[in-house]
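With the working numbering, the residue at position 144 of the sequence shown is 144, and numbering never jumps.
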Amino acid sequence: MTSSDGAAQADTFERRPDPTRVNAIGFDAIVDALGAGMRDFRKAPRFGLFFGGVYALGGIVVLLTASALHMSYLSYPLAIAFGLIGPFVAVGLYEVSRRLENDEPLDWYGVLAVIWAQRRRELAWMAFVVLFVQIMWMYQVRLLLALFLGFQSFASFSAFVEVVVTTPEGLMFLLIGNIVGAALSIVLFSLTVVSFPMLLDREVDFITAMITSVRAVVTSPKPMIGWALIITVTMLLSMLPVFAGLLVTLPVLGHTTWHLYRKLVPDPDPGEAAAPEA
C-alpha cells in the first residue's frame, strides 16, 4: 500500500460521521421541549392516558403486594418485571410524538406494532441495563438496612418509619441511602435520557446510544440536571394520590423526552441508516 493510499484511508476515517455527536442546549430548550410534550398529549390524549395508566397500574400493584395484601415477597419480582416492561411502554409515547412530528397517521395497531418490534432490536438490551441498575439499587438498600438497623423485623411499615426517623442509626441510614440513591439515579439518568428515543429513531447499538446519552449530559450539565430534577419532583408529586397523577404527568414527560432528544442529537447524515419500520 502506498503512502497516498494510507493518507486517503486516514482522511476517510477522520471524516467518518460520529454517531455520538450531540448539541449543547440551554434551559430554554427544556422549556420548549416541555411545551411540545404538553401539545403532543393534548393532540393524542387517548394514547397518553393509556400508557400513563399502565405505569400507574404497575405502581399500584407493587404497592399493594408490599403493604395492603401483605405479600411483600411478590413486590421484588413484580418491580423487576415492571423494570423490564417500562422502557417498552415509554417507546409508545416516543412513537406517538414521532408520528405527530412527521404528520404520520396515529392508530393503535401501528403504535403497538412498533413497541412489539423493539423486542428484536437493541432497546431490549437497554431494558436489561435499567434492570441491572434497579437490582443494584435494591441490594444497596438491603445492605444499608443490615449495616445500620441489623436484621431486625418490623411489625408494620409505620414501625419501620418510626425507627428510621427517630434513631441515630435510622437517620444515618437515610443520609447514606439518599446519597447512594442519588448517585445511582444520576448514572441511570445519564445512560437512558437520550438512549431510549435514539434506539427507536435510529439503527444504532445500545452502547453507542448510551455513550451519546452520557455525552449529552456532560455537554449540557446544568440544563440536563435541571431536567432530571423536574422528572424527580414531578414523579414524586404524581405518586402521592395513589399514582393517579401519572396518568397525565408521565405521558407529558415521555413526549417531552422525545422532543428533548431531537434537540440534543442532530439529524443523521444521509449515509447513516435509519431505524427500520415495524
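Backbone N, C-alpha and C fix where the C-beta goes; we use that ideal spot for every residue, glycine too.
In this text the structure is predicted, and so the values were computed from the model without any measurement.
Straight-line measurement puts the Cα of Phe196 at about 11 Å from the Cα of Trp125. Within the segment 100–144, the complete alpha helix (DSSP H) runs of at least 4 residues fall at 108–117. Linking Arg215 to Arg21 through their CA atoms gives a straight-line distance of about 8 Å. Look at Arg21 here: in three-state DSSP terms it is coil, with no helix or strand label.
Leu106 and Val165 have their alpha carbons spaced roughly 49 Å apart.
Excluding its 5 nearest sequence neighbours in each direction, Met38 has C-beta neighbours in its own chain below 6 Å: Val252, listed in chain order. Nearest to Trp258 by alpha-carbon distance, out of Phe27, Tyr94, Ser158, is Tyr94.
In this structure Val265 is in contact with Thr212, their Cβ atoms being roughly 6 Å apart against a cut-off of 8 Å. Sixteen is the threshold: since fewer than 16 other Cβ atoms of the shown chains lie within 10 Å of the Cβ of Val233, the residue is exposed.
Annotation: Val187 to Gln134 spans about 11 Å, alpha carbon to alpha carbon. With fewer than 16 other CB atoms across the displayed protein chains lying within 10 angstroms of its CB, Val218 is exposed.
Between Thr256 and Ala33, the CB-CB gap stays under 8 Å. The beta carbon of Ala56 is closer than 7 Å to those of Phe243, Ala244, Leu246, Leu247 in its chain, skipping five residues each way along the sequence.
Contact check for Tyr261 against Val194 passes: the beta carbons are separated by less than 8 Å.
Each residue's CA atom was taken as its position, placing Glu169 and Val161 some 12 Å apart. Taking the C-beta atoms as reference points, Met198 is found nearer than 8 Å to Ala209.
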